[in-house]
Amino acid sequence: MRKVVSFDCYRTLINFDTRTATHEIVKDRLAELGVDPDQFHHDAYVMRFQGVVDHYRPYRETVRRTLHNVMLLHGLKYRDEDGEALIEAIKKFKPFREVPDALRRLKGEYDIAILSNSEDDLISYAVDELGVEWDYVLTAEQAGAFKPLPQAFEYLMKATGRGPEDIIHTAQGWEYDIMPTKRYEGMRRIWVNRYGFPGSAAFQPYEEIKDLSELPGLLGV
Numbered sequence: 001m002r003k004v005v006s007f008d009c010y011r012t013l014i015n016f017d018t019r020t021a022t023h024e025i026v027k028d029r030l031a032e033l034g035v036d037p038d039q040f041h042h043d044a045y046v047m048r049f050q051g052v053v054d055h056y057r058p059y060r061e062t063v064r065r066t067l068h069n070v071m072l073l074h075g076l077k078y079r080d081e082d083g084e085a086l087i088e089a090i091k092k093f094k095p096f097r098e099v100p101d102a103l104r105r106l107k108g109e110y111d112i113a114i115l116s117n118s119e120d121d122l123i124s125y126a127v128d129e130l131g132v133e134w135d136y137v138l139t140a141e142q143a144g145a146f147k148p149l150p151q152a153f154e155y156l157m158k159a160t161g162r163g164p165e166d167i168i169h170t171a172q173g174w175e176y177d178i179m180p181t182k183r184y185e186g187m188r189r190i191w192v193n194r195y196g197f198p199g200s201a202a203f204q205p206y207e208e209i210k211d212l213s214e215l216p217g218l219l220g221v
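Here full-length UniProt numbering is used: the first residue of the sequence shown is 1, the next is one more, and so on.
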């Protein structure tokens, strides 16, 4: 049985630029109220993470609730069309430039899997953009839990029929993917550090690459 290379999708494979998409929705209201955009988007990032460590709810609801809550925090009035506009933007996000070729190279030697906090119908837009045939497309909707919770990674192992030693988990998300997988002895973990963030020796062993162009060589393809 071949090993599985599993990937987070958003920000690892897909340029998930929710900051720009959100800013397009709220920029006029931020300016009108004199709200610091950097603080607004930082708070949105924190609230998005807080929203997935609670009990599971559909990803669309999490997107809407996060936007609603951060707008409320900063005194902006939330409208239903704001949440829908952000979801529509998510559907249109594209892969990072190097991703399709790297995936095609890996596909010949490994099974490949997506493990995403998205939901089944929403992730289909990203899958279509990536242009390869996936062996597994796994979502929080199927798992009934979001990463970083253990249930999400246990679902990955159950759905693929592999133990930790047969999974190479590859992700940009430090808090969502790299930190929580330290508990799985034998799982190879590769951090796609696109943004040059500092890592931590406390969560070794993991390997680090700057983007997916380095992954096939690292895995001997």
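Think of the CB as a built atom: it goes at the ideal place given N, C-alpha and C, for glycine as much as any other residue.
Quantities reported herein were computed from a predicted structural model and do not represent experimental measurements.
Query: Helix, strand or coil: how does DSSP classify Asp111 here?; Result: strand
Query: Could you round the C-beta distance between Pro95 and Ile190 to whole angstroms and report it? I think they count as a contact, below 8 Å.; Result: The pair is not a contact, with the Cβ atoms about 18 Å apart (cut-off 8 Å).
Query: What is the C-beta distance between Tyr155 and Arg2, in whole angstroms, given that I count them as a contact (C-beta under 8 Å)?; Result: No, Tyr155 and Arg2 are not in contact; Cβ-Cβ is about 19 Å, not under 8 Å.
Query: Which of helix, strand or coil does DSSP assign to Glu175?; Result: helix
Query: Would you list, in sequence order, the uninterrupted beta strand (DSSP E) runs of no fewer than 3 residues that lie entirely inside the region 144 to 192?; Result: 167 to 171, 188 to 192
Query: With which residues is Phe7 paired in a DSSP beta bridge?; Result: Ile114, Thr170
Query: Which residues does DSSP pair with Glu207 in a beta bridge?; Result: Ile190
Query: Relative to the C-alpha of Glu165, which candidate in Leu149, Arg183, Val221, Glu32 has its C-alpha closest?; Result: Arg183
Query: If you reduce the DSSP assignment to three classes, tell me which class Pro95 lands in.; Result: strand
Query: Can you check whether the CB of Thr66 is closer than 8 Å to the CB of Ala44?; Result: yes
Query: Confirm, please, whether the CB-CB distance from Phe49 to Ala171 is below 8 Å.; Result: no
Query: Reducing DSSP to helix, strand and coil, say where Thr139 ends up.; Result: strand
Query: Excluding five sequence neighbours on each side, which residues of the same chain lie with their C-beta closer than 8 Å to the C-beta of Trp134?; Result: Ile112, Ala113, Ile114, Val127
Query: Using the Cα positions of Pro205 and Val221, report the straight-line distance between them to the nearest angstrom.; Result: 22 Å
Query: Determine the closest residue to Leu122 out of Val4, Thr20, Tyr59, Arg79, with distance taken between C-alpha atoms.; Result: Tyr59
Query: Please classify Ser200 as buried or exposed, where buried requires at least 16 other C-beta atoms within 10 Å of its C-beta.; Result: exposed
Query: Since Phe40 and Leu33 should fall inside the 8 Å C-beta cutoff, what is the C-beta to C-beta distance between them, to a whole number of angstroms?; Result: Not a contact, Cβ separation roughly 10 Å.
Query: Given a threshold of 16 other Cβ atoms within 10 Å of its Cβ, counted over all protein chains shown, does Thr20 qualify as buried or as exposed?; Result: exposed
Query: Taking the straight line between their C-alpha atoms, what separation do you get for Ile178 and Phe203?; Result: 8 Å
Query: Measure the Cβ-Cβ separation of Gly83 and Arg97 and say whether it is below 8 Å.; Result: no
Query: Return the CA-CA distance between Phe16 and Gly108, expressed in angstroms with no decimal places.; Result: 27 Å
Query: Note the first and the last residue of the continuous alpha helix (DSSP H) segment covering Phe49.; Result: 37 to 52
Query: In terms of alpha-carbon separation, which member of Gly186, Ala143, Leu218 lies closest to Arg57?; Result: Ala143
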